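*Asks:* Residue 123 is where the sequence shown starts when you use this note's numbering, and the numbers rise one by one after that.
Quick reminder that beta carbons are idealized off the backbone N, C-alpha and C, glycines included.
Here the structure is a predicted model, which means the values were calculated and not measured.
Starting off with a structure, shown below.
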Amino acid sequence: MIMLQATNIHKNFGKVTALDGVDLTLNEGEILGFIGPNGAGKTTMMRIIMGVLQADQGETKVFGLDSWQNAVEIHQKVAYVPGDVNLWPNLTGGEVIDLFLRLKDAHQKNQKQQLIEQFELDPTKKCRTYSKGNRQKVALVAAFASDADLYVLDEPTSGLDPLMEKVFQAKVLKLAEAGKSVLLSSHILSEVEKLCNKVSIIREGKIIETGTLSEMKHLTRMQVIVKTQKKLKGLHESPYIHDYRETSKGTSFSINSEYIGDIVAYLTPFGITDLQCLPPTLEELFMSHYSERGQSE
Numbered sequence: 123m124i125m126l127q128a129t130n131i132h133k134n135f136g137k138v139t140a141l142d143g144v145d146l147t148l149n150e151g152e153i154l155g156f157i158g159p160n161g162a163g164k165t166t167m168m169r170i171i172m173g174v175l176q177a178d179q180g181e182t183k184v185f186g187l188d189s190w191q192n193a194v195e196i197h198q199k200v201a202y203v204p205g206d207v208n209l210w211p212n213l214t215g216g217e218v219i220d221l222f223l224r225l226k227d228a229h230q231k232n233q234k235q236q237l238i239e240q241f242e243l244d245p246t247k248k249c250r251t252y253s254k255g256n257r258q259k260v261a262l263v264a265a266f267a268s269d270a271d272l273y274v275l276d277e278p279t280s281g282l283d284p285l286m287e288k289v290f291q292a293k294v295l296k297l298a299e300a301g302k303s304v305l306l307s308s309h310i311l312s313e314v315e316k317l318c319n320k321v322s323i324i325r326e327g328k329i330i331e332t333g334t335l336s337e338m339k340h341l342t343r344m345q346v347i348v349k350t351q352k353k354l355k356g357l358h359e360s361p362y363i364h365d366y367r368e369t370s371k372g373t374s375f376s377i378n379s380e381y382i383g384d385i386v387a388y389l390t391p392f393g394i395t396d397l398q399c400l401p402p403t404l405e406e407l408f409m410s411h412y413s414e415r416g417q418s419e
């Protein structure tokens, strides 16, 4: 089942193009990482999905409903955490959480209290006294306690310390186990790599790559470190070999995944004593996309 479908989304702010033909699809049970640098269009896209902004062109549907025309109905089934949380200054954190849960007709007091303790939030303090991290905690507790069908999380760990980031990650993994759908925008690539089974990369308002991590890594160079009994000859001259160097750990180089079998066959006569093939991290994949695009322009 398709939970979220955005097709050919365009959005301009005056002469500035924020989104230029963005397509996004999130299926039931998927956790989709939405990554890109600041100003790439992530937050604008999130706001259009939530019906807070209207697209200039294109169509966004959540649960099969138009996100602009049916925003109120959609919000009943969606938990949304914006990157910059603004709360009512004269209400306590606990009162805000209760308000959000009543709006969604969610009554899970035990889960709410457990989340408050896990995120180490003092719910008795007025929101005007909260730091950015604590305001974020209020939004996260309300979201995770709501038992929504879809979670739209825009830089949700902004302002959280590393310990609270781990609590957040554990909660998202629990959502995955329950078959929930999550759209996660994050600048912490290690977090996306740990949590998401699918990634979309946005650059200057355009989606430049979408796929599962395994698919995307397969199309990217992997790092190889090899030790052999005999001295290697001619390897650095191969057009498939990149970043060739001799190190204390052995001969190191990078190679496109599709050629790894050919290289192993080439290395075998030299007597392989140790071979490590390291897949690229999401950060390496992300940077390779940006450097390649930058060089081509």
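Confirm, please, whether the CB-CB distance from I219 to V263 is below 8 Å.
*Replies:* For the purposes of this step, residue 263 is taken as residue 141 along the sequence shown, with counting starting at 1. For the purposes of this step, residue 219 is taken as residue 97 along the sequence shown, with counting starting at 1. Yes, Cβ-Cβ distance for V263 and I219 is below 8 Å.
*Asks:* By how many angstroms is the C-alpha of K293 removed from the C-alpha of A267?
*Replies:* Taking the sequence shown and counting its residues from 1, the one referred to as residue 267 is at position 145. Taking the sequence shown and counting its residues from 1, the one referred to as residue 293 is at position 171. Taking the straight line from one Cα to the other gives about 10 Å.
*Asks:* For the beta strand (DSSP E) containing K137, name the first residue and the last one.
*Replies:* Counted from its first residue, the sequence shown places residue 137 at position 15. Counting along the chain, K137 falls outside any beta strand (DSSP E), and DSSP gives it neither H nor E.
*Asks:* Tell me D188's beta-bridge partners as DSSP assigns them.
*Replies:* Here residue 188 corresponds to residue number 66 of the sequence shown, with the count starting at 1. Answer is K183.
*Asks:* Between the Cα of D244 and those of R257, N232 and I131, spot the shortest distance and give me the residue it belongs to.
*Replies:* Counting from 1 along the sequence shown, the entry for residue 244 is found at position 122. Considering only alpha carbons, the answer is R257.
*Asks:* Look at the alpha carbon of T350 and the alpha carbon of Y366, and state the distance between them as a whole number of angstroms.
*Replies:* Along the sequence shown, read from residue 1 onward, the residue named residue 350 stands at position 228. Along the sequence shown, read from residue 1 onward, the residue named residue 366 stands at position 244. Near 15 Å, if we compare the C-alpha coordinates of Y366 and T350.
*Asks:* From T147 to D271, what does the alpha carbon distance come to, in whole angstroms?
*Replies:* Stepping through the sequence shown from its first residue, residue 147 is reached at position 25. Stepping through the sequence shown from its first residue, residue 271 is reached at position 149. For T147 and D271, the distance between alpha carbons rounds to 15 Å.
*Asks:* Starting from H469 and walking both ways along the alpha helix (DSSP H), at which residues does that stretch end?
*Replies:* No answer is possible for residue 469: the residues shown for the chain start at 123 and end at 419.
*Asks:* Buried or exposed: A140, going by 16 or more other Cβ atoms within 10 Å of its Cβ?
*Replies:* As a first step, residue 140 must be located in the sequence shown, where it is residue number 18. Buried is the call here.
*Asks:* Could you give the DSSP three-state label for L126: helix, strand or coil?
*Replies:* Residue numbering aside, residue 126 sits at position 4 when the sequence shown is read from its first letter. DSSP places L126 in strand when its eight states are reduced to three.
*Asks:* Nearest by alpha-carbon distance to G333: which of S322, G180, C318 and K164 is it?
*Replies:* On the sequence shown, residue 333 is found 211 positions in, with the first residue counted as 1. The shortest Cα separation from G333 among S322, G180, C318 and K164 belongs to S322.
*Asks:* Could you give the distance in angstroms between the alpha-carbon of K259 and the alpha-carbon of Q198?
*Replies:* Against the sequence shown, residue 259 aligns to sequence position 137. Against the sequence shown, residue 198 aligns to sequence position 76. Spanning the two alpha carbons is a distance of roughly 20 Å.
*Asks:* Are the region 305 to 318 and the region 352 to 359 touching by the rule of at least three beta carbon pairs closer than 8 Å?
*Replies:* Judged by Cβ distances under 8 Å, the region 305 to 318 makes no contact with the region 352 to 359, as fewer than three pairs qualify.
*Asks:* In its own chain, which residues sit with a C-beta less than 6 Å from the C-beta of Y362, not counting the 5 before and 5 after it?
*Replies:* In the sequence shown, residue 362 corresponds to position 240, counting from 1. Contacts found: I377 and Y381.
*Asks:* So what's H358 in DSSP terms, helix, strand or just coil?
*Replies:* As a first step, residue 358 must be located in the sequence shown, where it is residue number 236. DSSP places H358 in helix when its eight states are reduced to three.
*Asks:* Within 10 Å of its beta-carbon, does D276 have 16 or more other beta-carbons around it, so buried, or fewer, so exposed?
*Replies:* Taking the sequence shown and counting its residues from 1, the one referred to as residue 276 is at position 154. Buried, because 16 or more other Cβ atoms sit within 10 Å of the Cβ of D276.
*Asks:* Going by CA-CA distance only, name the one from V203, P159, G186 and G180 that's closest to A265.
*Replies:* Counting from 1 along the sequence shown, the entry for residue 265 is found at position 143. Checking every option, the nearest Cα to that of A265 belongs to V203.
*Asks:* Closest by CA to F156, which one among I385, Y388 and L305?
*Replies:* By one-based count along the sequence shown, residue 156 stands at place 34. When only C-alpha atoms are compared, the closest one is L305.
*Asks:* Nearest to S205 by CA position, among I238, H364 and V274, is which residue?
*Replies:* The residue given as residue 205 occupies position 83 in the sequence shown. The displayed chain sequence assigns Gly, not Ser, to residue 205. For the residues I238, H364 and V274, the minimum Cα distance to G205 belongs to V274.
*Asks:* Return the CA-CA distance between Q236 and M286, expressed in angstroms with no decimal places.
*Replies:* Taking the first residue of the sequence shown as position 1, residue 236 is located at position 114. Taking the first residue of the sequence shown as position 1, residue 286 is located at position 164. About 14 Å.
*Asks:* Consult DSSP for W149 and reduce its assignment to one of helix, strand or coil.
*Replies:* Counted from its first residue, the sequence shown places residue 149 at position 27. Looking at the sequence shown, residue 149 is not Trp but Asn. Strand.
*Asks:* Who are the near neighbours of N232 in its chain, counting only those whose CB is closer than 7 Å to its CB and skipping five residues on each side?
*Replies:* Looking up residue 232 in the sequence shown gives position 110. For N232, where only same-chain residues beyond five positions count, there are no Cβ hits under 7 Å.
*Asks:* Within the continuous alpha helix (DSSP H) that includes K457, where are the two ends?
*Replies:* Residue 457 is absent from the model: the chain starts at 123 and stops at 419.
*Asks:* Use the C-beta contact count for F375: other C-beta atoms within 10 angstroms, 16 or more gives buried, fewer gives exposed.
*Replies:* Here residue 375 refers to the residue found at position 253 of the sequence shown. Label assigned to F375: buried.
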